[in-house]
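K.L.:
Going by the UniProt record's numbering, the first residue of the sequence shown is number 1, and it counts up by one from there.
Virtual Cβ for every residue (Gly too), placed ideally from N, Cα, C.
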Amino acid sequence: MLNYFLFFASAAFARYYRRDDDECSNDNDYDGRLGLRISAIFVILAASVLGTITPIALKKWRFGFTPNKYVLLLFKYFGSGVIIATAFIHLLDPAIEALEYSPCLSGTWTVYPWAEALCLLSIMVMFYIEFMLLRYASFKNFTGEADVNEVLTFGHDHPREGVPDSQLQETGQDESSQPIIKESFDNEAGDNSSLIEYTARVGEVFILEFGVIFHSVFIGLTLAVSGDEFITLYIVLVFHQGFEGLGLGSRLAEIDWKARPWTPYFMALGYAVTTPIAIAIGLGVRHSYPPDGRTATITNGIFDSISAGILIYTGLIELLAHDFLFTDYFRKAPIPTMNENLLQRLPKQLYNFFVKYPPRTIKNPPYSVKPGVSCFSEEMNPFLPSKHPESGHWRAPVYSRRRQVQLYRLAEKFNMADLLPLRKDGVPVIPSERVNRPMKGLLRFKGNKAERAREDRQKKIEEGLQRTKEIFEKNVGRNRRRERLKPTWF
């Protein structure tokens, strides 16, 4: 396959070097405003540093408060979305336009889909690099190590050549030492597995930063010599570099850099200075660099295609797949855990209901009172009367009609009415006209009389339990006085 690709590439580039008569523009749209362009160097540098350093600083340092884990997750997944969107929209689409639809290119460039081919090639190269990196880490840590069971068996059953049996028995290990040896091997295996994971994570971050830096150079050159669109491009790049740095910084913050604690800061600085340096270079060659020239068009298209492939592989495989498909948290967690952000937005009353009585589509929610129980089942429907399992007497529904109406209203507001309990025939327990009808009298504000009476009884019971000791001591004193006053002439 590699030989075929090299043959195809050599033939295609041979056709490319047959120059045609089409001419490309050798000028740029530079229109002055040098001071504003110089300010872009420092503004974009500040935005890149702020976006990259913020997740690292929040994870490594404490500024008088502990950052919420959801804030770091927001940075992490938002940055992943920015990276994937950059790959498809900001890199691959311009690369296709430059290599396949540019008016100054002809011949082979217009016949073959070079942008897609280079993007696919870079994806396969990234896969091969990561594959070899993991194999190198595995062989480096596990080659030459004996199995634990083999070592234990060798020490007890197999005599060595030239050593008497009596000497082996004297120097052999007793059974009490086996757990110690096995524990040491288990610890070493755990260290090796953690080292392999560390190597994979570091390689993932390096590949991500390489792909991000790769296209940042051409972003800076384009901004330095742009014309009427300079202001728009300026503003867009400030946010683009900040959000892209947010995604890179959140990945750097996830790695435990124990041996090299300053490595993430150096990597963040390397990303932050790339675009400003490219802007400075572009300003230095602003009178001679043609961004629409033939050479610049081909160079930008090739490098954008390669960068797009790197970021597509990194965003989909390294970021999304590793975060959702290859982690126990999302593979073994219940569905509400996967939809935790959605459920947390529900009102507390509705959320507590789904936690206590999960429907069939949401089983084993976090902190569930009855795991795996479906509130669609007839015996566990909290909206309908039920029989006592021992006495056989009918009991009132767990939720009163007023509370049922409130739940239905909240569920309809959040488009979750289908998850509420149904009757045996599949009809909602509360009709829609009853849900939309306003309540009257005391039901509107304070609830029905039975619920208020039950709350009062519960309150009196709690107060009585709190005063139990006081009442007991008081009655003991009365009994003692009665004994002293008891007549003795009988």
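To the nearest whole angstrom, what separates the beta carbons of residue 264 and residue 96, a pair I think is in contact under 8 Å?
P.N.:
Numbered from 1 along the sequence shown, position 264 holds the residue referred to as residue 264. Numbered from 1 along the sequence shown, position 96 holds the residue referred to as residue 96. Rounded, the Cβ-Cβ distance is 34 Å, inconsistent with contact.
K.L.:
Can we say the segment 308-319 touches the segment 114-129, given the rule of at least three CB pairs closer than 8 Å?
P.N.:
Flag = yes, the segment 308-319 and the segment 114-129 touch.
K.L.:
Quick one: measure Cβ to Cβ for residue 133 and residue 199, integer angstroms, because I've assumed they're closer than 8 Å.
P.N.:
Position 133 of the sequence shown, counting from 1, holds the residue named residue 133. Position 199 of the sequence shown, counting from 1, holds the residue named residue 199. Sure, about 7 Å apart at Cβ, within 8 Å.
K.L.:
Do residue 52 and residue 278 come within 8 Å of each other at the CB atom, strictly closer than that value?
P.N.:
Taking the sequence shown and counting its residues from 1, one reaches residue 278 at position 278. Taking the sequence shown and counting its residues from 1, one reaches residue 52 at position 52. Result no, Cβ atoms of residue 278 and residue 52 do not sit closer than 8 Å.
K.L.:
Per DSSP, which residues does residue 80 bridge with? Please list them.
P.N.:
Here residue 80 refers to the residue found at position 80 of the sequence shown. DSSP output for residue 80 lists no bridge partner at all.
K.L.:
Only counting the same chain, and skipping five residues up and downstream in sequence, which positions put a Cβ closer than 7 Å to that of residue 40?
P.N.:
As a position in the sequence shown, residue 40 is number 40, starting the count at 1. Within the same chain, residue 40 has close Cβ partners 223, 234 and 279.
K.L.:
In chain order, what residues of the same chain lie with their CB nearer than 6 Å to the CB of residue 502, ignoring the 5 residues before and after it?
P.N.:
The chain is shown only over 1 to 490; residue 502 falls outside these bounds and no answer can be derived.
K.L.:
Check the DSSP bridge columns for residue 387 and list the partner residues they point to.
P.N.:
Indexing the sequence shown from 1 puts residue 387 at position 387. Looking at the DSSP assignment, residue 387 forms a beta bridge with 394.
K.L.:
For residue 87, which residues from the same chain have a beta carbon less than 7 Å from its beta carbon, with the 5 sequence-adjacent residues on both sides left out?
P.N.:
Working through the sequence shown from its first residue, we reach residue 87 at position 87. So the qualifying residues of the chain are 308, 311, 312 and 315.
K.L.:
With a threshold of 16 other CB atoms inside 10 Å of the CB of residue 227, please say whether the residue is buried or exposed.
P.N.:
The residue you call residue 227 lines up with position 227 of the sequence shown. When all chains shown are included, residue 227 counts as exposed.
K.L.:
Please report how far the alpha carbon of residue 406 lies from the alpha carbon of residue 350, in whole angstroms.
P.N.:
As a first step, residue 406 must be located in the sequence shown, where it is residue number 406. As a first step, residue 350 must be located in the sequence shown, where it is residue number 350. So the two alpha carbons sit approximately 9 Å from each other.
K.L.:
Cβ of residue 99 within 8 Å of Cβ of residue 115?
P.N.:
For this step, residue 99 is matched to residue 99 along the sequence shown. For this step, residue 115 is matched to residue 115 along the sequence shown. For residue 99 and residue 115, yes; Cβs fall inside 8 Å.
K.L.:
Spatial neighbours of residue 217 within its chain, please: C-beta separation below 6 Å, excluding the five flanking residues on both sides.
P.N.:
In the sequence shown, counting from the first residue as 1, residue 217 sits at position 217. For residue 217, where only same-chain residues beyond five positions count, the Cβ hits under 6 Å are 278.
K.L.:
So, at 8 Å on beta carbons, what are the nonlocal neighbours of residue 393 in its own chain, with the 5 sequence-adjacent residues on each side left out?
P.N.:
Residue numbering aside, residue 393 sits at position 393 when the sequence shown is read from its first letter. Here the set comprises 387.
K.L.:
Taking Cβ to Cβ, would you say residue 250 is nearer than 8 Å to residue 76?
P.N.:
Numbered from 1 along the sequence shown, position 250 holds the residue referred to as residue 250. Numbered from 1 along the sequence shown, position 76 holds the residue referred to as residue 76. Yes; because the gap between Cβ atoms is below 8 Å, this pair is in contact.
K.L.:
In or out: residue 268 buried (at least 16 other Cβ within 10 Å) or exposed?
P.N.:
Counting from one through the sequence shown, the residue named residue 268 turns up at place 268. The residue in question, residue 268, is buried, as its Cβ has 16 or more Cβ neighbours within 10 Å.
K.L.:
Is the beta carbon of residue 385 sitting closer than 8 Å to the one on residue 396?
P.N.:
In the sequence shown, the residue the question calls residue 385 occupies position 385. In the sequence shown, the residue the question calls residue 396 occupies position 396. Taking 8 Å as the Cβ cut-off, residue 385 and residue 396 qualify as a contacting pair.
K.L.:
Using a Cβ-Cβ cut-off of 6 Å (strictly less than) and excluding sequence neighbours within five positions of residue 305, which residues of its own chain qualify?
P.N.:
By 1-based counting over the sequence shown, the position of residue 305 is 305. Within the same chain, residue 305 has close Cβ partners 95, 115, 118 and 119.
K.L.:
Pull up the CB-CB distance for residue 83 and residue 247, whole angstroms please, since I reckon it's below 8 Å.
P.N.:
Translated into positions along the sequence shown, residue 83 becomes position 83. Translated into positions along the sequence shown, residue 247 becomes position 247. Residue 83 to residue 247, Cβ: 5 Å. Contact.
K.L.:
Please list the terminal residues of the continuous alpha helix (DSSP H) segment that includes residue 100.
P.N.:
The residue labelled residue 100 in the question sits at position 100 within the sequence shown. Unbroken alpha helix (DSSP H) run through residue 100: 93-100.
K.L.:
Can you look up residue 264 in the DSSP assignment and give me helix, strand or coil?
P.N.:
For the purposes of this step, residue 264 is identified with residue 264 of the sequence shown, where counting begins at 1. Looking at residue 264 - three-state DSSP - the assignment turns out to be helix.
K.L.:
From the DSSP secondary-structure annotation, give me the bridge partner or partners of residue 422.
P.N.:
As a first step, residue 422 is located in the sequence shown; it is residue number 422 there, counting from the start. 428.
K.L.:
Going along the chain, which residues of its own chain have a beta-carbon closer than 7 Å to the beta-carbon of residue 89, five neighbours each way excluded?
P.N.:
Position 89 of the sequence shown, counted from the first residue, corresponds to residue 89. Excluding residues within five positions, none has a Cβ falling inside 7 Å.
K.L.:
Would you grab the beta carbon distance between residue 50 and residue 242 for me? Rounded to a whole angstrom, and I think it's under 8 Å.
P.N.:
The residue given as residue 50 occupies position 50 in the sequence shown. The residue given as residue 242 occupies position 242 in the sequence shown. Indeed, because the Cβ distance is near 6 Å, the residues count as touching under 8 Å.
K.L.:
In terms of residues, what are the limits of the alpha helix (DSSP H) holding residue 303?
P.N.:
Within the sequence shown, residue 303 is the residue found at index 303, counting from 1. 294-313 is the span of the alpha helix (DSSP H), which, as asked, contains residue 303.
K.L.:
Pull up the distance between the alpha-carbon of residue 472 and that of residue 462, whole angstroms please.
P.N.:
In the sequence shown, counting from the first residue as 1, residue 472 sits at position 472. In the sequence shown, counting from the first residue as 1, residue 462 sits at position 462. Near 16 Å, if we compare the C-alpha coordinates of residue 462 and residue 472.
K.L.:
Pop quiz: residue 213 and residue 274 are said to be a contact at Cβ under 8 Å. What is the actual Cβ separation, rounded to whole angstroms?
P.N.:
In the sequence shown, the residue the question calls residue 213 occupies position 213. In the sequence shown, the residue the question calls residue 274 occupies position 274. Indeed they touch by this definition, with Cβ atoms about 5 Å apart.
K.L.:
Alpha carbon to alpha carbon, how far is residue 59 from residue 42?
P.N.:
On the sequence shown, position 59 is the one that residue 59 refers to. On the sequence shown, position 42 is the one that residue 42 refers to. Distance between the alpha carbons of residue 59 and residue 42 is about 26 Å.
K.L.:
Between the Cα of residue 238 and the Cα atoms of 257, 71, 130 and 37, which residue gives the shortest distance?
P.N.:
The residue you call residue 238 lines up with position 238 of the sequence shown. It is 37.
K.L.:
Consult DSSP for residue 228 and reduce its assignment to one of helix, strand or coil.
P.N.:
Residue mapping note: residue 228 aligns to position 228 of the sequence shown, counting from 1. Correct three-state label for residue 228: coil.
K.L.:
Is the distance from the Cβ of residue 276 to the Cβ of residue 45 below 8 Å?
P.N.:
Against the sequence shown, residue 276 aligns to sequence position 276. Against the sequence shown, residue 45 aligns to sequence position 45. Cβ atoms of residue 276 and residue 45: closer than 8 Å.
K.L.:
Would you mind working out which of 33, 318 and 35 sits nearest residue 126, comparing C-alpha positions?
P.N.:
As a working mapping, residue 126 is identified with position 126 in the sequence shown. Nearest option by C-alpha distance: 318.
K.L.:
Where does residue 148 fall in DSSP's three states?
P.N.:
Position 148 of the sequence shown, counted from the first residue, corresponds to residue 148. The pLDDT assigned to residue 148 is 39, lower than 50, so where the model puts this residue is not dependable; a value taken from the coordinates is nonetheless given after this. Helix at residue 148.
K.L.:
Is it buried or exposed, residue 470, if we count other Cβ atoms within 10 angstroms and call 16 or more buried?
P.N.:
Residue 470 sits at position 470 when you count from the first residue of the sequence shown. With fewer than 16 other Cβ atoms within 10 Å, it is exposed.
K.L.:
What distance in whole Å lies between the Cβ atoms of residue 303 and residue 215, which are believed to be in contact at a cut-off of 8 Å?
P.N.:
Position 215 of the sequence shown, counted from the start, is the residue given in the question as residue 215. Position 303 of the sequence shown, counted from the start, is the residue given in the question as residue 303. Contact flag correct, Cβ pair sits at about 7 Å.
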